[in-house]
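Visitor: Sequences listed follow chains A and B, in order.
Positions in the first sequence are counted from 1; adding 25 to them yields our numbering.
Positions in the second sequence are counted from 1; adding 25 to them yields our numbering.
2 protein chains.
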Amino acid sequence: MQSVAEPSDSPLTERQRDVLDAALGLLVEAGDTLTMTSVARRASCSKETLYKWFGDRDGLLTATVQWQASKVRGVTVKRDGLDLISLTSGLERFASDWLRVLSGKISVALNRIAVSHAGSDKRDLGAIVLENGPFAMARRLMPLLEVGREAGLLAFDDTEEAFRTFFGLVVRDVQIRLLLGDRFELTEVAIDGEARRATQQFFALYGAHTNGAG
Amino acid sequence: MQSVAEPSDSPLTERQRDVLDAALGLLVEAGDTLTMTSVARRASCSKETLYKWFGDRDGLLTATVQWQASKVRGVTVKRDGLDLISLTSGLERFASDWLRVLSGKISVALNRIAVSHAGSDKRDLGAIVLENGPFAMARRLMPLLEVGREAGLLAFDDTEEAFRTFFGLVVRDVQIRLLLGDRFELTEVAIDGEARRATQQFFALYGAHTNGAG
DNA sequence: CCAATGCCGTACCGTACGTTACGGTTCGGT
DNA sequence: ACCGAACCGTAACGTACGGTACGGCATTGG
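1. Let me know the secondary structure DSSP gives L205 (chain B) once reduced to three states.
2. I need the DSSP call for T179 (chain B), collapsed to helix, strand or coil.
3. Check whether the region 52-64 of chain B and the region 112-123 of chain B are in contact - that is, three or more C-beta pairs closer than 8 Å.
4. Should D207 (chain A) be flagged as near chain B, meaning a C-beta pair shorter than 7 Å?
5. Whose Cβ in chain A lies nearer than 7 Å to the Cβ of F192 (chain B)?
6. Less than 8 Å between C-beta atoms, sequence neighbours within five positions excluded: which residues of the same chain meet that for P159 (chain B)?
7. Cutting at 7 Å between CB atoms, please list the residues of its own chain near V154 (chain A), excluding the five before and the five after it.
8. Which partner residues of G232 (chain A) appear in the DSSP bridge assignment?
9. Determine which residues of the region 211-229 of chain A have a Cβ less than 7 Å from any Cβ of chain B, and write them out in chain order.
10. Quick check on the DSSP output: the alpha helix (DSSP H) that includes L109 (chain A) runs from which residue to which?
11. Decide yes or no for the touch test of the region 218-231 of chain B against the region 171-189 of chain B: beta carbon pairs closer than 8 Å, at least 3 of them.
12. Leaving aside the five residues before and after F227 (chain A) along the sequence, list all residues of the same chain whose C-beta is less than 6 Å from its C-beta, in chain order.
13. Tell whether a beta-carbon distance below 7 Å holds between I201 (chain A) and L124 (chain A).
14. Using a Cβ-Cβ cut-off of 7 Å, state whether A233 (chain A) counts as contacting chain B.
15. Using beta-carbon positions only, say whether T94 (chain B) and L45 (chain B) come within less than 7 Å of one another.
16. Hey, how far is the Cα of E210 (chain A) from the Cα of D81 (chain B)?
17. According to DSSP, simplified to helix, strand and coil, what is P36 (chain B)?
18. Taking C-alpha atoms, which residue in B:C70, B:T62, B:A65, B:L109 lies nearest to R174 (chain B)?
19. Residues of chain A with a CB under 7 Å from the CB of L204 (chain B): which are they?
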């Protein structure tokens, strides 16, 4: 076991990013059945290089998931001049963005990989996906909710509770059905409709003009 | 390829059920890394018998998932004398039962297997899990919701819409976090609390005394 | 022009595991 | 007592794939 450069330590070269993109494409197409040989062929590189750069198969998978995660860093929330209209549209955009990402082939493939490797004693892909999936959404959304509360538009005690309810209203059974392979038509307009409904229901539960939660 | 008795065709013998129980235990412990050899050893049977009974590894997994599914057939809904109290308690029991099953080791293991095999061109475990998971819950719950509507206690247009919202309020991010390997404390009292909250929120959205949905 | 380095392509190795084959044992039927 | 079926235990086979070794080429620096 020689010392291998951790992907998080050193920034990736362009060639390495190309290799990871190739791996990502194969992950989407073939899922967990992707082989080191297929990655090498797709990326037009040698297996030796794969092992030198990423250590082993698990390292390659981890680096691929992290690479995709690094591509979808979220936008931040600006706290100024928040009224009901902008809060509503902000929540709706969050919801539709989330559904769009969630139903994308890449997200489905990565979640599948992470789920099937969960509980393994090796590097934990599940933690990475959690960190860049639900937890990232929470980090982006919870400040917005609290700003809404400070502006007197929302009423709740526990921000995380409120977030998780919003999550449930938005995602419902969509993600698990996608992961389990259910054929799923989720058009752009359907996503926008879902986002509007979820936001509306969230206001019905946590809007300041109604009774608070709990 | 000789003709193999499909598990759905012929009822299982007691010995076969024992074998499948052994496979189920290994599935929970080892996940998808279970080997035919390990199942044969655990079940004290020969590999030849496994192949004769179940065809191949995939057939064994499928039979195991179906066997577990057949064990958790749900209870039916009685339509008589439904008032607000019994509807509420019915929904709460549904929710708590669902969360209890969902967070169980067997459910997590089976969903992991099904997710990691989804998209394969072989027998579709995902469809089986979907059928006996979310869809089974829908089949059990939707009649109850409609009875509640007929009794003037609930107001909604689309029963499936209402069910999926209930699903979202109950499950939220619990299942995906469990599948991704997040350590999760979900005690009995916590489950009951979650069930009460979800039911309460569902009434806030779909109760007949409030505005209907959409 | 000449190392030296880095990487490609490929052949190769070791192993794990699905699958098959086979001898030995139990057991119900006649 | 004999037969055949079913099954156990285990050895053996075939293969796919992770991981390694090595020869050749292209680029860089001197």
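Cβ coordinates follow ideal geometry from the N, Cα and C atoms, glycine included.
The structure displayed is predicted, hence computed values, not measured ones.
Guide: Well, looking at it:
1. Coil.
2. In the sequence as displayed, the identity of residue 179 (chain B) is Leu instead of Thr. DSSP places L179 (chain B) within a strand segment (E or B) once states are collapsed to three.
3. Contact fails between the region 52-64 of chain B and the region 112-123 of chain B, because fewer than three Cβ pairs, one in each stretch, are under 8 Å apart.
4. It does; some Cβ of chain B falls within 7 Å.
5. Contacts between F192 (chain B) and chain A, judged by CB atoms closer than 7 Å, involve R197, D198 in chain order.
6. Within the same chain, Cβ atoms closer than 8 Å to the Cβ of P159 (chain B) are found at F192, the five residues on either side in sequence being excluded.
7. The residues are V90, L135, N136, A139.
8. Per DSSP, A:L179.
9. Interface annotation for the region 211-229 of chain A against chain B: R222, Q226, A229, criterion Cβ-Cβ distance under 7 Å.
10. 109-127 is the span of the alpha helix (DSSP H), which, as asked, contains L109 (chain A).
11. Two segments are said to touch when three or more pairs of C-beta atoms, one from each, lie closer than 8 Å; by this definition the region 218-231 of chain B touches the region 171-189 of chain B.
12. If we look at F227 (chain A) and ignore the five residues flanking it on each side, its Cβ neighbours are F191, L194.
13. Taking C-beta atoms as the reference points, I201 (chain A) and L124 (chain A) fail to come closer than 7 Å.
14. Not an interface residue.
15. Strictly speaking, residue 94 (chain B) in this sequence is Ala, with Thr absent from that position. Taking 7 Å as the cut-off, the beta carbon of A94 (chain B) is found no closer than this to the beta carbon of L45 (chain B).
16. Distance between the alpha carbons of E210 (chain A) and D81 (chain B) is about 33 Å.
17. Note: P36 (chain B) maps to coil in three-state DSSP.
18. Comparing Cα positions, the closest option is B:L109.
19. Around L204 (chain B), the beta-carbon contacts reaching into chain A at under 7 Å are V140, A143.
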